[in-house]
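To start, the structure itself, in structure tokens.
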Amino acid sequence: MIVESAVVPRTSAAPCADRLILGEHVLGVADGATGKPWDSGPDGAALAEAVAGHLAATAAGTGARVATDSATALVRSLLAAAGAGPGEGSAVTFCVLHRPRREIWRVGEGRVLLDGAPVPPRPTGERVVAEARALVLRRHLADGVPEATLLAEDPGRAAVQELLRALGGLRNRPVARCGYGAVDGQDVPDDFVEVIPVPAEVREITLATDGYPEAAPTLAEAERLLAERLARDPLMIEDPPETKGLRPGADSFDDRAYLRLSPV
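If you read the sequence shown in our numbering, its first letter stands for residue 620, the second for the next number, and so on.
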């Protein structure tokens, strides 16, 4: 069933916020959001741990809508215990295969490959933020600021803090091309609970978090592509740009989780 899997933190200095979801009926990955200064309550790693365990216990007859609502209720209770309301703290996205229903459920920007063919996620406002960060960094590079200085200080990330806050304010709000889904204690609109039927002829599925900028049908290939990107573009401003880069002492720009499996 499971061909290969991995969970890799971006740095050993902080807890990894990505998780594998390994249940009897549900298998996949969960991605805890990177912490923001304005977040309240448990961080992304804690919420990802809770949601991953919760989804792993999903019953054979449960559908995507019920599973998402149940995970949302769990996060809402964790936030409330810390004195935070729905949407006031961190968040978790997930991408899983429900084996009995032969469906992939995706809330967020998880990577999906069916026999090597990508199933792109819906567009969100994160690309706008990433482009703005890249614009600032390109200006500094043009002014002759050393790449090493920009990696250490990341003035691009500093410049887009209000954009990141605005993006968070669009979480679970159905705003065209900007809103996006995540489990954060708020109700997740139906449009953000993606159900992807797995055709009978599909023999292999790859699910990964967006710590892999480019999806790949094997773990070795995904790691090779990531390493090549980090080597040539540690600021992560090439197309597609990212909202953060490779910080000094880190192994990658983001945590990552990868799962390759057979649907039968």
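Every residue gets a Cβ at the ideal spot worked out from N, C-alpha and C, and that includes glycine.
| Item | Value |
| --- | --- |
| Where H717 sits in the DSSP three-state scheme | strand |
| Start and end residues, beta strand (DSSP E) containing L641 | 637-641 |
| Rounded separation between L826 and V731 - CA only | 5 Å |
| Alpha carbon of Y831 to alpha carbon of R746, nearest angstrom | 15 Å |
| Check whether A675 and L641 have beta carbons under 9 Å apart | yes |
| Length of the line joining the Cα atoms of A850 and L783 | 26 Å |
| Beta-carbon proximity of A710 to V802, cut-off 9 Å | yes |
| DSSP bridge partner residues for L880 (one or two, in chain order) | I621, I824 |
| Coarse secondary structure for D852, derived from DSSP in three states | coil |
| Close-in-space but distant-in-sequence residues of the same chain around G798 (CB under 6 Å, 5 per side omitted) | L789, R792 |
| G787 versus V694: straight-line alpha-carbon distance, rounded | 16 Å |
| C-alpha gap between D873 and D829, whole angstroms | 8 Å |
| Nearest neighbour of M855, chosen from A751, V814, P737, A839 [CA to CA] | A751 |
| DSSP three-state assignment for T687, whether helix, strand or coil | helix |
| Own chain partners of P867 with C-beta closer than 7 Å, once the 5 adjacent residues on each side are dropped | L770, A771 |
| Residues near R796 by beta carbon distance below 6 Å, same chain, minus five either side | P742 |
| A834 - partner residues in DSSP beta bridges | BP columns for A834 are empty, so no partner. |
| Host alpha helix (DSSP H) of V747 (start-end) | 745-761 |
| Straight-line gap, P774 to D806 (C-alpha atoms, nearest Å) | 34 Å |
| Residue of G708, G704, T677 minimising C-alpha distance to A665 | G708 |
| Simplified DSSP state of V694, which is helix, strand or coil | helix |
| C-alpha gap between E823 and G682, whole angstroms | 22 Å |
| Buried/exposed call for D637, threshold 16 Cβ in 10 Å | buried |
| Cut-off 8 Å between Cβ atoms - residues of its own chain near A690, not counting five sequence neighbours on either side | V670, H673, L674, V711, F713, V802 |
| 8 Å contact criterion, which A667 and T677 should meet: CB distance rounded | At roughly 16 Å, the Cβ-Cβ gap does not stay under 8 Å, so A667 and T677 are not in contact. |
| With 16 other Cβ atoms within 10 Å as the buried cut-off, status of V779 | buried |
| Closest Cα partner of A753 within the set A632, A876, G864, P737 | G864 |
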